[in-house]
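A quick write-up on the structure given underneath.
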Amino acid sequence: MTRDDADHEEGDVDPEPVPESDPQHIDPAGDLADAVENGDLDLSLDDDQDAEEIRAFVEAAESGELGPVDPGLEAQVRIARALLNDLDESDDAGKDK
Numbered sequence: 001m002t003r004d005d006a007d008h009e010e011g012d013v014d015p016e017p018v019p020e021s022d023p024q025h026i027d028p029a030g031d032l033a034d035a036v037e038n039g040d041l042d043l044s045l046d047d048d049q050d051a052e053e054i055r056a057f058v059e060a061a062e063s064g065e066l067g068p069v070d071p072g073l074e075a076q077v078r079i080a081r082a083l084l085n086d087l088d089e090s091d092d093a094g095k096d097k
């Protein structure tokens, strides 16, 4: 929200400025990963997607092959793990029957 100069009277103290965004505190990718992990956002693999490729991605990220970990990569790995966990749980449920 902006303030018109006409609304500002001489002697008024300006409010604190908005701080620069801090990627350690504002993490939309992390918020998305939270939603997937909590079940607020339901994702699943498409029929032509291979779970082994996702497992290979997670292993590569964890081993450092994809470079230094940043918030975006961490969120991608969390989402991939959640997808794999859901696959494993659905496989286990199918085996019980």
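Numbered per the UniProt record's numbering, the sequence shown finishes at 97, counting up by one with no gaps. We put the beta carbon where it would ideally sit given N, CA and C, even for glycine.
Endpoints, the alpha helix (DSSP H) within which residue i is located
i          : result
residue 28 : 28-38
residue 44 : Segment: none, residue 44 is in no alpha helix (DSSP H) and carries neither H nor E.
Reduced DSSP secondary structure (H/G/I, E/B, other) of residue i
i          : result
residue 66 : coil
residue 86 : helix
Among the options, nearest to residue i - alpha-carbon criterion
i          : options           : result
residue 80 : 52, 65, 40 and 67 : 52
residue 35 : 75, 88, 90 and 68 : 75
residue 77 : 91, 62, 50 and 87 : 62
Open item on the list: If contact is defined by three or more beta carbon pairs under 8 Å, each pair taking one atom from either stretch, is the segment 40-48 in contact with the segment 56-71?
Closed with: no
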